[in-house]
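**Student:** Just so you know, the protein sequences line up as chains G and R, in that order.
Going by numbering that gives the first Met the number 0, 115 is the number at position 116 of the first sequence; the sequence numbering is gapless.
Going by numbering that gives the first Met the number 0, 52 is the number at position 53 of the second sequence; the sequence numbering is gapless.
Ideal placement from N, C-alpha and C gives every residue a C-beta, glycine not left out.
Since the model is a prediction, treat every value here as computed from it, not as a measurement.
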Amino acid sequence: MTESAISIRNLSKQFGDTLVLRDINLEVPRGQVSCLIGPSGSGKSTLLRCMAFLEEANAGTILIEGEPMGFVEGPNGRRKQTPAELRKTRSRIGMVFQQFNLWPHMTALGNVSASLRRVRRMPRREAEEKAMAQLEKVDLKERAHHYPSQLSGGQQQRVAIARALALDPTIMLFDEPTSALDPELTGEVLNVMRALAEEGMTMVVVTHEIGFAASVGHKVCFLDHGKLLFHDTPEKVFAAPRNPRLEQFLDTYLDRGAFLVQ
Amino acid sequence: MSFDIAVILAKGPQILAGLGVTILIWVAGTFFAVILGFIVATARRYGGPLVNLVLAIPVEVLRGTPFLVQIFLLYFGGPYIGLRLDPIAAGLLGLSVYGAAYYSEIFRAGYLSVPPGHVEAAECVGFSRLQTILFILLPEMALLVLPPSMNMAIILLKDTALLSLITVPEMTMTVSAIGSQQYAFVESIVVLALVYWGLVEVANWLGRITERKIAKLSVT
Chain G
0 MTESAISIRN LSKQFGDTLV LRDINLEVPR GQVSCLIGPS GSGKSTLLRC
50 MAFLEEANAG TILIEGEPMG FVEGPNGRRK QTPAELRKTR SRIGMVFQQF
100 NLWPHMTALG NVSASLRRVR RMPRREAEEK AMAQLEKVDL KERAHHYPSQ
150 LSGGQQQRVA IARALALDPT IMLFDEPTSA LDPELTGEVL NVMRALAEEG
200 MTMVVVTHEI GFAASVGHKV CFLDHGKLLF HDTPEKVFAA PRNPRLEQFL
250 DTYLDRGAFL VQ
Chain R
0 MSFDIAVILA KGPQILAGLG VTILIWVAGT FFAVILGFIV ATARRYGGPL
50 VNLVLAIPVE VLRGTPFLVQ IFLLYFGGPY IGLRLDPIAA GLLGLSVYGA
100 AYYSEIFRAG YLSVPPGHVE AAECVGFSRL QTILFILLPE MALLVLPPSM
150 NMAIILLKDT ALLSLITVPE MTMTVSAIGS QQYAFVESIV VLALVYWGLV
200 EVANWLGRIT ERKIAKLSVT
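Right, here's the structure in full:
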């Protein structure tokens with residue numbers, strides 16, 4: 000198939016009078032990792048949330064594997080998808096949040112198996128077997144019966160990744176998955192993401208981990224003030240940044256010694 | 000004049016019958032109030048601004064007027080609009096609707112206490128709105144809404160005493176009638192106070208047990 004996993008055309012979004020996304024055009028290729036970087040308030044999280052239709056854009060379209068997300072083109076112009084249609088389009092994507100958003104009243108296993116039981120209507124045993132396999136993938140099989148409050152931040156985020164993978168999405172969206180973690184716990188989450196990327200999962204990652212973007216990303220997109228300033232391979236973006244705004248942004252990382260691109 | 004509580008206690012079976020009516024109206028009224036309150040809170044949250052406004056008015060009126068005035072209006076005013084209810088039915092309806100207004104506010108706060116991200120996570124894995132309410136929102140808010148809900152249930156229990164004024168044969172009406180017959184007014188009031196207090200303590204105890212059970216289920 001030649002079509003992109005996600006294709007974004009002329010997307011604009013405003014909160015009140017503030018334009019947070021200005022005419023974004025972006026193709027997310029299948030089987031690749033696309034990283035969205037940029038300063039706080041640049042609109043990168045909003046762009047990602049639009050891809051999951053957690054935010055509704057004011058203009059433009061998002062196609063998920065060719066299917067419009069959130070809206071349907073009809074004979075009378077475009078209308079919003081019904082909840083059932085939206086669920087169907089959304090089933091292609093898995094979403095991972097900065098704050099994990101695990102459900103506190105369910106164990107790790109409960110969090111991962113909930114969608115299998117309630118949405119896929121699998122019998123409990125079958126759902127839990129499948130959920131257990133996902134937990135094994137993120138190396139948390141022994142913690143399956145722990146509640147989120149009994150897990151470290153890194154473990155919680157890995158459970159959240161397993162939960163998002165449970166329904167076999169073809170695209171995974173990550174919204175600053177390591178920003179709420181201390182540096183020691185960041186590594187275990189990034190390793191899980193790296194393994195997922197090696198399996199050929201299509202991933203879109205909003206991140207401040209420039210090292211991750213440089214080493215795992217196939218494509219790096221730089222946003223500033225709601226504009227997609229440019230996107231290219233990490234080699235090109237990081238090796239010779241010609242854009243003064245990007246250079247200024249990357250310098251802050253150089254200053255902190257976190258910039259490890261060869 | 001001597002204080003002799005025995006003259007009241009001698010009418011044990013009558014008092015028990017009144018107690019039965021009180022418990023029946025209280026339990027059924029609280030049950031309907033919780034259900035109706037939850038429906039109102041849910042409709043206000045998801046029904047759009049118009050539904051929210053239309054439901055806000057009765058909630059504010061019910062919370063802003065005395066319960067006694069409400070049951071008088073219902074029982075004595077109802078027949079003017081063709082609503083003829085016997086005292087028990089009027090009492091039950093009045094208590095349910097009055098309680099529902101307060102419970103809707105308790106559940107509204109409960110809804111607000113759940114982080115929006117938990118709902119987004121449910122949407123992203125394909126939960127319908129009803130599933131999100133049943134499997135995510137309700138269990139997550141349970142521990143938070145339980146103490147105010149128990150508190151409200153106790154207020155409703157004590158408010159059932161007012162139903163004696165629309166001739167519901169509940170405990171207050173029964174015991175004060177006995178007190179008048181036996182010329183033992185103060186004794187009857189003391190007995191009433193003790194029985195209500197005992198009931199409240201039982202309800203509190205049940206509430207604490209439930210709270211402990213839920214707390215075990217939902218480690219936060």
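(1) Tell me where the alpha helix (DSSP H) around Ala55(R) begins and ends.
(2) Taking Cβ-Cβ distances shorter than 7 Å, what residues in chain G pair up with Arg138(R)?
(3) Mapping DSSP to helix, strand and coil, what is Val174(R)?
(4) I'd like the ranges of any beta strand (DSSP E) spanning at least 3 consecutive residues and lying wholly in the segment 96-131 of chain R.
(5) So with Cβ pairs under 9 Å, would you call Glu169(R) a contact of chain G?
(6) Within the segment 122-197 of chain G, note down every full alpha helix (DSSP H) run reaching 4 residues or more, in order along the chain.
(7) How far does the beta strand (DSSP E) with Leu222(G) in it reach, from first residue to last?
(8) What's the C-alpha gap between His104(G) and Val27(G)?
(9) Thinking C-beta only, is Tyr97(R) closer than 9 Å to Ala32(R)?
(10) Rounded to whole angstroms, what's the CA-CA distance from Gly76(R) to Glu84(G)? Just pull it up for me.
(11) For the segment 69-94 of chain G, which segments carrying the alpha helix (DSSP H) assignment without a break, of at least 4 residues, lie completely within its bounds, in sequence order?
(12) Any C-beta of chain R sitting closer than 9 Å to the C-beta of Pro82(G)?
(13) Kindly list, in the order they appear in chain G, the residues whose Cβ is closer than 7 Å to that of Ala281(R).
(14) Could you tell me whether any Cβ in chain G is nearer than 9 Å to the Cβ of Gly116(R)?
(15) So that I know if they touch, is there some Cβ in chain R lying closer than 9 Å to that of Ser33(G)?
(16) Take Val111(G) as the anchor and find which of Tyr146(G), Ala4(G), Met200(G) and Thr177(G) has the nearest alpha-carbon.
(17) Any idea what DSSP makes of Asn9(G), helix, strand or coil?
(18) Can you name the residues of chain G whose CB is closer than 7 Å to the CB of Gly125(R)?
(19) Rounded to whole angstroms, what is the Cα-Cα separation between Gln149(G) and Met171(G)?
(20) How long is the line joining the alpha carbons of Trp196(R) and Ala40(R), rounded to whole angstroms?
(21) Measuring straight from C-alpha to C-alpha, what distance separates Pro146(R) and Gly206(R)?
(22) Exposed or buried, Leu15(R), counting other C-beta atoms within 10 Å across all chains shown (16 or more means buried)?
(23) In the DSSP assignment, find the alpha helix (DSSP H) that holds Gly109(G) and state where it starts and stops.
(24) Rounded to whole angstroms, what is the Cα-Cα separation between Leu108(G) and Val167(R)?
(25) Using DSSP with H/G/I as helix, E/B as strand and the rest coil, what is Thr17(G)?
(26) Apply the 10 Å Cβ neighbour rule to Tyr45(R) and answer buried if 16 or more other Cβ atoms are within range, or exposed otherwise.
(27) Establish whether the CB of Ala51(G) and some CB of chain R are separated by less than 9 Å.
(28) I'd like to know if Ala58(G) contacts chain R, where contact means its C-beta is closer than 9 Å to some C-beta of that chain.
(29) Kindly indicate which three-state DSSP category Met0(G) falls into: helix, strand or coil?
(30) Which residues in chain R sit within 8 Å of Arg162(G), going by Cβ to Cβ distance?
(31) Select from Asp158(R), Leu198(R) and Leu137(R) the residue whose C-alpha is nearest the C-alpha of Ile213(R).
(32) Confirm, please, whether the CB-CB distance from Lys87(G) to Glu55(G) is below 9 Å.
(33) Give the secondary structure of Pro38(G) by DSSP, where H, G and I count as helix, E and B as strand, and everything else as coil.
(34) Determine the closest residue to Ile63(G) out of Pro82(G), Gly42(G), Ser90(G) and Lys43(G), with distance taken between C-alpha atoms.
(35) Give every residue of the same chain whose Cβ lies closer than 8 Å to the Cβ of Leu134(G), excluding the five residues on either side of it in the sequence, and list them in chain order.
(36) With C-beta atoms as the reference, is Ile34(R) less than 9 Å away from Leu162(R)?
**Tutor:** Once the coordinates are examined:
(1) Taking the second sequence and counting its residues from 1, the one referred to as residue 55(R) is at position 56. Start and end: Gly47 to Gly63.
(2) Start at 1 with the first residue of the second sequence, and residue 138(R) comes out as number 139. Checking the sequence shown, residue 138(R) turns out to be Pro, not Arg. Neighbours of Pro138(R) on chain G, chain order: His104.
(3) Working through the second sequence from its first residue, we reach residue 174(R) at position 175. DSSP places Val174(R) in helix when its eight states are reduced to three.
(4) none
(5) Start at 1 with the first residue of the second sequence, and residue 169(R) comes out as number 170. Judged by the 9 Å Cβ criterion, Glu169(R) is not in contact with chain G.
(6) 123-136, 152-164 and 182-197
(7) Residue numbering aside, residue 222(G) sits at position 223 when the first sequence is read from its first letter. Residues Lys218 to Asp223.
(8) Numbered from its first residue, the first sequence carries residue 104(G) at position 105. Numbered from its first residue, the first sequence carries residue 27(G) at position 28. If you take the alpha carbons of His104(G) and Val27(G), they lie about 36 Å apart.
(9) To locate residue 32(R), count along the second sequence from 1; it is residue 33. To locate residue 97(R), count along the second sequence from 1; it is residue 98. Result yes, Cβ atoms of Ala32(R) and Tyr97(R) sit closer than 9 Å.
(10) As a working note, residue 76(R) is residue 77 in the second sequence. As a working note, residue 84(G) is residue 85 in the first sequence. Cα to Cα, Gly76(R) sits roughly 50 Å from Glu84(G).
(11) 82-89
(12) Stepping through the first sequence from its first residue, residue 82(G) is reached at position 83. Taking Cβ atoms only, chain R reaches closer than 9 Å to Pro82(G), which makes this a yes.
(13) A query on residue 281(R) cannot be resolved here, the shown segment of chain R reaching from 0 to 219 and no further.
(14) Counting from one through the second sequence, the residue named residue 116(R) turns up at place 117. Yes - at least one Cβ of chain G is within 9 Å of the one on Gly116(R).
(15) Within the first sequence, numbered from 1, the residue matching residue 33(G) stands at position 34. No, Ser33(G) does not count as interfacial toward chain R.
(16) Start at 1 with the first residue of the first sequence, and residue 111(G) comes out as number 112. It is Tyr146(G) whose Cα lies nearest to the Cα of Val111(G).
(17) One-based indexing of the first sequence puts residue 9(G) at position 10. Reduced to three states, the DSSP call for Asn9(G) is strand.
(18) Taking the second sequence and counting its residues from 1, the one referred to as residue 125(R) is at position 126. In chain order: Arg86, Arg89, Ser90, Ser114, Val118 and Leu166.
(19) Here residue 149(G) refers to the residue found at position 150 when the first sequence is read from its first residue. Here residue 171(G) refers to the residue found at position 172 when the first sequence is read from its first residue. Gln149(G) and Met171(G): Cα-Cα distance of roughly 26 Å.
(20) Taking the second sequence and counting its residues from 1, the one referred to as residue 196(R) is at position 197. Taking the second sequence and counting its residues from 1, the one referred to as residue 40(R) is at position 41. Using only the alpha carbons, I get a separation of about 31 Å.
(21) Taking the first residue of the second sequence as position 1, residue 146(R) is located at position 147. Taking the first residue of the second sequence as position 1, residue 206(R) is located at position 207. Straight-line Cα distance between these residues: approximately 8 Å.
(22) The residue labelled residue 15(R) in the question sits at position 16 within the second sequence. The residue is exposed, with fewer than 16 neighbouring Cβ atoms inside 10 Å.
(23) Taking the first sequence and counting its residues from 1, one reaches residue 109(G) at position 110. Gly109(G) -> alpha helix (DSSP H) spans Ala107 to Arg117.
(24) Residue mapping note: residue 108(G) aligns to position 109 of the first sequence, counting from 1. Residue mapping note: residue 167(R) aligns to position 168 of the second sequence, counting from 1. Approximately 52 Å between the Cα atoms of the pair.
(25) Within the first sequence, the letter at position 18 stands for residue 17(G). The answer is strand: DSSP assigns Thr17(G) an E or B state.
(26) By one-based count along the second sequence, residue 45(R) stands at place 46. So Tyr45(R) ends up on the exposed side.
(27) Here residue 51(G) refers to the residue found at position 52 of the first sequence. Yes, Ala51(G) lies at the interface with chain R (some Cβ there is under 9 Å from its Cβ).
(28) One-based indexing of the first sequence puts residue 58(G) at position 59. Output row for Ala58(G): interface = no.
(29) For the purposes of this step, residue 0(G) is taken as residue 1 along the first sequence, with counting starting at 1. Since pLDDT at Met0(G) reaches only 49, below the 50 mark, its modelled position is unreliable, and no value is offered.
(30) Residue numbering aside, residue 162(G) sits at position 163 when the first sequence is read from its first letter. In chain order: Ala120 and Val124.
(31) Mapped onto the second sequence, residue 213(R) falls at position 214. Ranking Asp158(R), Leu198(R) and Leu137(R) by Cα distance to Ile213(R) puts Leu137(R) first.
(32) The sequence position of residue 55(G) within the first sequence is 56, counting from 1. The sequence position of residue 87(G) within the first sequence is 88, counting from 1. Their beta carbons are not under 9 Å apart, which means Glu55(G) does not touch Lys87(G) by this criterion.
(33) Working through the first sequence from its first residue, we reach residue 38(G) at position 39. Correct three-state label for Pro38(G): coil.
(34) Position 64 of the first sequence, counting from 1, holds the residue named residue 63(G). Closest by alpha carbon: Ser90(G).
(35) Stepping through the first sequence from its first residue, residue 134(G) is reached at position 135. Correct list, in chain order: Ala107, Leu108, Val111, Lys140, Arg142, Ala143, Val158 and Ala161.
(36) Residue 34(R) sits at position 35 when you count from the first residue of the second sequence. Residue 162(R) sits at position 163 when you count from the first residue of the second sequence. Against a cut-off of 9 Å, the Cβ pair of Leu162(R) and Ile34(R) comes out as no contact.
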